Amino acid sequence: MPKEGFPTLIDCHHHLLNEPDYVEHLLATCDALGIERVCLSGLGIGSNPWLGDLSPGNEDVRKAMERYPERIVGFGVVRLGRDDPERVVDELAAEGFAGLKITRPTARYDDPAFWPVYARAEQLGLPILLHTGFVLLTEGDAAEGVSSDFMRPACLDLVARRFPRLRMILAHLGMPWYEEAATMARFHPNVYVDWTASRHGWRTVKSTTFFRELFWWDNAFEKVVFGTDVHWRDMAHSLGEQRRLLAELGVAPEVQERILGGTVAGWLNR
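Heads up, the sequence shown is in numbering that gives the first Met the number 0, so the first residue is 0 and it goes up one at a time.
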């Protein structure tokens, strides 16, 4: 846990893996890094070579929330096009989830069939972490109709306009549609982005100039929040790389504090 008087650090993007004592290892790593809370979700989609077995789902996350209520913040997964849009958000909120995680929709994010989910999340004040950009392959992708094109950042422009009080985090800066994601954050007060990437992913090959050119407007970095989206073993590297970027970009210390936890803390402490 961070020492008293130190900035709040919150990892707003982490997934529960099917490994023995994963949550305990995760929290021990957070202690070492000074990360106070983790926004945890269970995708329930099987395994991939970068992260591991992602088969845990909402029920597994709920159990982790119960064991560590001061550290684990549950983000309940909503399967757009599969879950009942009239019930799912209320059920997750009743179970104590403080936000939603959405990925792999069956249609574009702005499909009107999904509007009840966004509307209810807005009413309840639940932020939504949305995968944007290309998504990893899994064995069930073809059968489920998974398309990265459904998750382009621009697919959320209509959603941001229709639900202006719905806080949205566009994960991975929309990779490879980076400019779309940054422009969404610039135009919409309720849209934020994270810079999550794997240890050898897109962020490692991008220069500080790339980020400076994308986030060129006044107060642009106020629209960035910190997340890792990596195995607990790689969290130190992810945090270190993002801190290095912020320092090289000359982001003011008080803005860095908001990026690394202050902004999300305000949402969770509503």
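Glycine residues also receive a C-beta, built at the ideal position from the N, C-alpha and C atoms. Note that the structure is a prediction, hence the values are computed from the model and not measured.
Check	Outcome
Would you mind stating whether Ala181 and Thr131 have Cβ atoms separated by less than 7 Å?	no
Within 10 angstroms of its Cβ, does Trp216 collect 16 or more other Cβ (buried), or is it exposed?	exposed
Who are Ala287's beta bridge partners in DSSP?	Because the chain in this structure spans residues 0 to 269, residue 287 falls outside the shown range and cannot be described.
Are the region 107-114 and the region 147-161 touching by the rule of at least three beta carbon pairs closer than 8 Å?	yes
Closer than 6 Å by C-beta to Val263: which residues in its own chain qualify, once you throw out the five before and the five after it? Chain order, please.	Ile9, Cys11, Val224
Could you tell me the distance, in whole angstroms, from the CA atom of Trp266 to the CA atom of Arg164?	12 Å
Where does Gly75 land, buried or exposed, given buried means 16+ other C-beta within 10 angstroms?	buried
From which residue to which residue does the alpha helix (DSSP H) around Phe209 run?	207-213
With a threshold of 7 Å between beta carbons, is Ala159 in contact with chain B?	The chain inventory of the structure shown lacks chain B, comprising one protein chain alone.
Count the other CB atoms within 10 Å of the CB of Pro68; is the residue buried (16 or more) or exposed (fewer)?	exposed
Grab the span of the alpha helix (DSSP H) containing Tyr177 for me, first residue to last.	177-186
Would Gly249 be called buried (16 or more neighbouring beta carbons within 10 Å of its own) or exposed?	exposed
Compute the Euclidean distance between the alpha carbons of Pro126 and Thr208, then round it to the nearest angstrom.	30 Å
State buried or exposed for Asn57, treating a residue as buried only when at least 16 other CB atoms are found within 10 Å of its CB.	buried
Confirm, please, whether the CB-CB distance from Arg36 to Val72 is below 7 Å.	yes
Evaluate the contact criterion for the region 237-257 versus the region 196-207: three or more CB pairs, one atom per stretch, below 8 Å.	yes
To the nearest angstrom, report how far apart Asp52 and His14 are at their CA atoms.	10 Å
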